[in-house]
Structure formats: C-alpha cells, structure tokens
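Chains as they are written, first to last, in the working numbering: chain Y, 267 to 376; chain E, -1 to 114.
Here is the structure we will look at, set down as structure tokens.
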Amino acid sequence: RKEVEQDPGPFNVPEGATVAFNCTYSNSASQSFFWYRQDCRKEPKLLMSVYSSGNEDGRFTAQLNRASQYISLLIRDSKLSDSATYLCVAYTGGGNKLTFGTGTQLKVEL
Amino acid sequence: GAGVSQSPRYKVAKRGQDVALRCDPISGHVSLFWYQQALGQGPEFLTYFQNEAQLDKSGLPSDRFFAERPEGSVSTLKIQRTQQEDSAVYLCASSKEGRGFGNTIYFGEGSWLTVV
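Right, dumping it as structure tokens:
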C-alpha cells in the first residue's frame, strides 16, 4: 500500500463545474500536507498548503482531517486552464522528504 | 537563470550504458533533492543533500545509482549499467531551507531518460 493514495482519474468535467479530489495518507508521523499541480511534461509546482482549519485560495479550497488521515481539494468554477495532474503530498520532517501520491488527472472541457 | 536547471533534458541510453544527469540548483540553496518519476506515477524520493553532505540516500533503488554534490552547489546523479526499468523523469529540487518543506522547494523541469 502506498503511503499517499489518490484516485488517478481522469476526471473529465465541463467548464464551470465544481470538482473534488480526495487523498488518504498512512504515515501518522506526516507533519504537513500540500497540493501540487503538474502540467504535462512539466515539473510539479506548489498549488497550496493544506491546514486542519482549511485553506482557501480563490477558487481552490483544501482541507485536512488528521483523525481520518484524509486530505481534499475542491475546485470551483473550473477553467480550461485547470486541466493538469494534481498531486497530493505529505511532508515527514524526520525524513525531510516529500511523499507524493500518484496524482489525479483533471480534464476540463468546453 | 533564476530556477533549478537540469541537463540533459532528454537522454536516450542503450541498456548497459552509464549516464550522468546534472542539476544546477537555485543559487544559495542549501538543500538539494533528487526524485524519480515513472510514467503515470508521482515523484519518488531518491536522495537528499544539505550543502555537500548526502544526508539521506534511502530512496536510491540500487547500488547502480550514485549521487554527489562535491562543492555544495551543482549535483550529479549517475546511473551505471542502465536497465529499462530506469526509464523515468529524474527531477531535481532545491530549497534555501535546511529542510525540504513542501512550500519552499522548487523543482527543475527534469531529465527524461529512456533506456532502449
């Protein structure tokens, strides 16, 4: 079982739709969590950090539930430019490394 | 440039050939990481340097993989006797922090290795 698990998708949604991605992690020592975005043939880039209190950045909302070891990302009013792979990431301080999920592919269509 | 620079961007190697992948981190960045990303997968940790010290190499898949950062800046990832399963994108990342905290780490565009 992978330490960080995501539904690989693809999620095909119409422009303007709301879409939610879920992620679970198994290492209870993980301290911090992030969502990264990766465009085709490009490097991963930080989208946003994830806090237990929730974190909102424009159309994007991220949430962490430590008790359930569950992370979510909500994208409202999807744009064509949101099409990408979204990577759920856990940071373990002791190992000083990021553990990535396999990524969830999103395709926003006209 | 201002970002993490990797070379070569694309490499085709014959099975059994040795390859060397170079990473130029952002100037002044203390931490340097190598990740391997296979097709359809997320990046997987290979190794971590703080300045010239390799503090963690637990992710290197075999003794054919070797990384160095002798002067605490440029790093090289070497793969000896390449195998087809080594085909992947090799991502380098750097951070000015002594830790690879997820919101202070910057990735290069990667070196795409195909072993034939």
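Here a beta-carbon is modelled for each residue, glycine too, at the ideal position from N, C-alpha and C.
Computed from a predicted structure; not experimentally measured.
For residue i, is the classification buried or exposed, using 16 other Cβ atoms within 10 angstroms of its Cβ as the cut-off for buried?
| i | result |
| --- | --- |
| residue 4 of chain E | buried |
| residue 272 of chain Y | buried |
| residue 114 of chain E | exposed |
| residue 381 of chain Y | Since the first residue shown for chain Y is 267 and the last is 376, residue 381 of chain Y is missing from the structure and cannot be characterised. |
| residue 333 of chain Y | exposed |
| residue 79 of chain E | exposed |
| residue 87 of chain E | buried |
| residue 364 of chain Y | buried |
| residue 309 of chain Y | buried |
| residue 362 of chain Y | buried |
| residue 325 of chain Y | exposed |
| residue 2 of chain E | buried |
| residue 343 of chain Y | exposed |
Going along chain Y in order, which residues have a C-beta closer than 8 Å to the C-beta of residue i?
| i | result |
| --- | --- |
| residue 88 of chain E | The contacting residues do not exist; residue 88 of chain E stays about 11 Å from chain Y at best. |
| residue 81 of chain E | None at all; the shortest Cβ gap to chain Y is about 22 Å. |
| residue 118 of chain E | Chain E is shown from -1 up to 114; residue 118 of chain E falls before or after that span and cannot be answered. |
Helix, strand or coil for residue i? Go by DSSP, reduced to three states.
| i | result |
| --- | --- |
| residue 364 of chain Y | strand |
| residue 42 of chain E | strand |
| residue 346 of chain Y | helix |
| residue 84 of chain E | helix |
| residue 294 of chain Y | coil |
| residue 93 of chain E | strand |
| residue 303 of chain Y | strand |
| residue 33 of chain E | strand |
| residue 2 of chain E | coil |
| residue 23 of chain E | coil |
| residue 355 of chain Y | strand |
| residue 310 of chain Y | strand |
| residue 16 of chain E | coil |
| residue 11 of chain E | strand |
Please list the partners that residue i has in chain Y, where partner means a Cβ-to-Cβ separation under 7 Å.
| i | result |
| --- | --- |
| residue 101 of chain E | 300, 312, 315 |
| residue 84 of chain E | What residue 84 of chain E touches in chain Y: nothing, since even the nearest Cβ is about 19 Å away. |
| residue 22 of chain E | Within chain Y, no residue comes near residue 22 of chain E; the closest Cβ sits about 14 Å away, beyond 7 Å. |
| residue 63 of chain E | Chain Y residues near residue 63 of chain E: none, gap ~16 Å exceeds 7 Å. |
Along the chain, where does the beta strand (DSSP E) containing residue i start, and where does it finish?
| i | result |
| --- | --- |
| residue 277 of chain Y | 277 to 280 |
| residue 287 of chain Y | 285 to 291 |
| residue 104 of chain E | 103 to 105 |
| residue 323 of chain Y | 321 to 323 |
| residue 77 of chain E | 73 to 77 |
| residue 270 of chain Y | 270 to 272 |
| residue 376 of chain Y | From DSSP, residue 376 of chain Y is part of no beta strand (DSSP E); its letter is neither H nor E. |
| residue 113 of chain E | 109 to 113 |
| residue 66 of chain E | 63 to 66 |
Going along chain E, which residues have a C-beta under 7 Å from residue i?
| i | result |
| --- | --- |
| residue 308 of chain Y | 107 |
| residue 353 of chain Y | 40 |
Residues, ordered as in the chain, of the stretch 355 to 369 of chain Y that lie near chain E by beta-carbon distance below 8 Å: Of all residues in the stretch 355 to 369 of chain Y, those with a C-beta nearer than 8 Å to a C-beta of chain E are 355, 357, 359, 361, 362, 363, 364, 365, 366, 367, 368, 369, reading in chain order.
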